[in-house]
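Encoded as structure tokens, the structure appears first; notes follow it.
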Amino acid sequence: MASENLTHNNHLNGDATTNRHVSKKLKLAPPALITDAEIQSEFSHHDPAVARINNGSFGCCPASVIAAQRRWQLLNLRQPDHFYFNELKKGILHSRTIIKDLVNAEHIDEISIVDNATTAAAVVLQQTAWAFHDGRFKKGVDAVVMLHYAYGSVKKSVEAYVSRAGGDVIEVPLPFPLTSPNEIITEFRCALERAKFGGKTVRLAVIDHVTSMPSVVIPVKELVRICREESVEKVFVDAAHGIGCTSVDMQEIGADFYTSNLHKWFFCPPSIAFLYSRKSSSSSDLHHPVVSHEYGNGLAVESAWIGNRDYSAQLVVPDVVEFVKRFEGGIEGIKRRNHERVLEMGEMLAAAWGTHLGSPPEMCASMAMVGLPPCLGIKGDLDVARLRTHLRNEFGVEVPIYFRAPATAEDGEVIGVVTGYARISHQVYNKVEDYYKFRDAINQLVNSGFTCAQLST
Ligand SMILES: Cc1ncc(COP(=O)(O)O)c(C=O)c1O
1 MASENLTHNN HLNGDATTNR HVSKKLKLAP PALITDAEIQ SEFSHHDPAV
51 ARINNGSFGC CPASVIAAQR RWQLLNLRQP DHFYFNELKK GILHSRTIIK
101 DLVNAEHIDE ISIVDNATTA AAVVLQQTAW AFHDGRFKKG VDAVVMLHYA
151 YGSVKKSVEA YVSRAGGDVI EVPLPFPLTS PNEIITEFRC ALERAKFGGK
201 TVRLAVIDHV TSMPSVVIPV KELVRICREE SVEKVFVDAA HGIGCTSVDM
251 QEIGADFYTS NLHKWFFCPP SIAFLYSRKS SSSSDLHHPV VSHEYGNGLA
301 VESAWIGNRD YSAQLVVPDV VEFVKRFEGG IEGIKRRNHE RVLEMGEMLA
351 AAWGTHLGSP PEMCASMAMV GLPPCLGIKG DLDVARLRTH LRNEFGVEVP
401 IYFRAPATAE DGEVIGVVTG YARISHQVYN KVEDYYKFRD AINQLVNSGF
451 TCAQLST
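The sequence shown begins at 1 in full-length UniProt numbering and counts up one residue at a time.
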């Protein structure tokens with residue numbers, strides 16, 4: 001701010017030589033990189049008693065962005081009519097323009113801002129429901145394909161909008177743990193083959209970019225290409241963990257619809273997501289599930305006013321851009337370092353517990369699945385839920401855990417003894433001590449002879 005004033009004053013004084021000199025100097029000065037102390041200060045509202053290694057679930061928002069959000073909220077509360085008539089549309093368009101450039105979309109109309117990935121899924125699947133309703137899709141013949149590991153709320157949405165409308169749902173089974181993306185590609189091809197032999201027309205494929213639980217990076221580009229080869233009509237990529245977590249490029253991926261939250265890995269407050277809809281993909285038929293005054297004016301415009309509410313999370317995207325610029329390499333640098341650190345921490349934990357990671361490095365983004373010691377006796381979903389609560393309440397560690405039923409060979413022999421995998425995340429605020437705390441908590445449980453059966457009483 002001080003240097004801005006200096007330039008401004010020189011300009012007012014008409015001192016062109018000094019002004020040129022100052023602005024040249026300002027341009028050359030490298031932006032000051034954020035220090036460790038500043039990072040800690042940006043996240044000082046986090047509970048210091050908790051090792052928060054679960055950025056994947058709820059994301060995080062730095063203090064400077066929270067402050068920007070507060071300014072927007074007050075601007076609205078101060079004079080709502082001025083805010084509505086002069087600020088809101090302009091602000092949302094600005095955020096959309098930034099997102100369009102970040103994700104390499106072709107046209108601004110392809111980018112709508114919605115609350116979250118769940119809403120985006122409802123937008124896309126509602127279009128499918130209407131196609132059945134209008135008789136364009138045939139009940140019992142036309143189908144939607146999705147991964148077995150699709151997110152729970154998205155599966156419910158498929159149930160509500162597709163199954164209920166008479167559509168068939170084909171789930172692609174996925175192995176876990178995984179050794180290569182090819183395992184997913186093979187299963188996906190098989191599912192499309194099965195659909196074809198069953199006389200089904202696949203109208204929509206719903207593909208995760210980074211699955212939630214277990215968390216792995218899906219080879220979306222290859223799956224979209226297979227969909228094109230196999231005449232799948234439309235492809236929707238659910239990348240709730242997309243922007244800031246993995247590579248998000250609309251031209252490269254080539255899907256018809258793509259959604260990513262910005263509140264998970266892009267430092268926005270809850271809640272904001274974008275929904276990309278390719279211009280050529282009958283996007284005029286897409287509607288926000290909450291209908292308001294802008295109905296029929298295109299999804300982006302519809303979504304920018306769904307009734308009176310707090311839109312501030314959608315307006316702070318420029319402030320997030322300023323925040324990420326303070327890190328070496330911006331968001332790309334953050335993403336790369338998160339990936340490297342989460343692998344390092346995952347390998348450290350697996351070595352300490354004598355287990356393994358659930359997928360190879362190229363299938364991890366900023367999250368990794370780490371096998372837990374088999375002696376913890378994890379026998380089902382209830383056990384992992386209780387163990388997670390126990391780690392939170394007794395050890396101050398926040399980490400989601402996945403139950404994987406023991407695999408058996410054809411002769412009945414058990415071939416995988418690890419039945420629990422922790423999903424660890426890494427974000428800029430994490431310290432190595434967070435992961436040591438988790439390691440030591442598990443070691444303490446193991447050394448004390450603990451098993452999950454003790455949590456059932
Ligand atoms: C793959 C996937 N899809 C959808 C969602 C839903 O995101 P939201 O709750 O922000 O709508 C999540 C949340 O973690 C997710 O992991």
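Note that CB positions come from ideal geometry on N, CA and C, so glycine has one too.
Less than 9 Å between the beta carbons of residue i and residue j, yes or no?
i: LEU286; j: GLN127; result: yes
i: LYS196; j: GLY166; result: no
i: THR246; j: SER366; result: yes
i: GLU171; j: VAL145; result: yes
i: ILE111; j: GLN314; result: no
i: MET363; j: VAL216; result: yes
i: SER271; j: ILE243; result: no
i: VAL235; j: PHE257; result: yes
i: VAL103; j: VAL301; result: no
What is the rounded straight-line gap between the Cα of residue i and the Cα of residue j?
i: VAL22; j: ALA32; result: Because the pLDDT at VAL22 is just 49, under 50, the model does not fix this residue reliably, and the point stays unresolved.
i: GLU4; j: ARG423; result: The pLDDT assigned to GLU4 is 35, lower than 50, so where the model puts this residue is not dependable, and the model offers no usable value.
i: MET250; j: ALA273; result: 15 Å
i: GLU394; j: PRO269; result: 29 Å
i: LEU74; j: ASN86; result: 15 Å
i: PHE176; j: GLU38; result: 39 Å
i: HIS263; j: ASN443; result: 33 Å
i: TRP305; j: SER157; result: 23 Å
i: GLY396; j: ASP101; result: 40 Å
i: VAL432; j: GLU42; result: 18 Å
i: ALA105; j: VAL342; result: 29 Å
i: ILE66; j: GLU328; result: 22 Å
i: PRO360; j: LEU178; result: 7 Å
i: GLU159; j: LEU445; result: 40 Å
i: LEU357; j: LEU349; result: 9 Å
i: MET213; j: LEU376; result: 20 Å
i: ALA453; j: ASP383; result: 8 Å
Is any non-hydrogen atom of ligand 1 found closer than 8 Å to the C-beta of residue i, if you look at the structure I gave you?
i: HIS241; result: yes
i: GLY56; result: yes
i: TYR295; result: no
i: HIS153; result: Before going further, note that residue 153 is Ser rather than His in the sequence given. Yes, since a heavy atom of ligand 1 falls inside the 8 Å radius drawn around the Cβ of SER153.
i: GLN261; result: Per the sequence shown, residue 261 should be read as Asn rather than Gln. Yes, Cβ of ASN261 sits closer than 8 Å to a heavy atom of ligand 1.
i: ALA160; result: no
i: ALA422; result: no
i: ASP310; result: no
i: LYS264; result: yes
i: THR246; result: no
i: ASN116; result: yes
i: THR408; result: no
i: ALA365; result: no
i: VAL210; result: yes
i: ASP238; result: yes
i: ALA143; result: no
Using CA atoms only, rank isn't needed, just tell me which of the options is closest to residue i.
i: HIS209; options: TYR295, ARG203 and ALA117; result: ALA117
i: ARG386; options: TYR421, LEU102, GLU340 and SER456; result: SER456
i: LYS335; options: TRP265, LEU382 and ASP319; result: TRP265
i: ARG189; options: GLY416, CYS227 and THR355; result: CYS227
i: LYS437; options: SER64, LEU391 and ALA143; result: LEU391
List in chain order: all unbroken beta strand (DSSP E) runs of 3+ residues lying wholly within the region 315-373. DSSP runs (the beta strand (DSSP E)) wholly in the region 315-373: 367-371.
If you scan the region 123-201 from start to end, which runs of the alpha helix (DSSP H) of 4 or more residues do you find wholly inside it? As for any alpha helix (DSSP H) of minimum length 4 sitting wholly inside the region 123-201, the runs are 152-158 and 181-197, ordered along the chain.
Fully enclosed by the region 399-456, which beta strand (DSSP E) runs are 3 residues long or longer? Listed in chain order, the complete beta strand (DSSP E) runs (minimum 3 residues) inside the region 399-456 are 401-403 and 420-425.
Can you list, in chain order, the stretches of the alpha helix (DSSP H) that have 4 or more residues and sit fully within the region 21-73? Counting whole runs of 4 or more residues, the region 21-73 contains the alpha helix (DSSP H) stretches 36-42 and 55-58.
Complete beta strand (DSSP E) runs within the region 199-230 (minimum length 3 residues, chain order): Every beta strand (DSSP E) stretch that sits fully inside the region 199-230 and reaches 3 residues is listed by chain position as 201-208.
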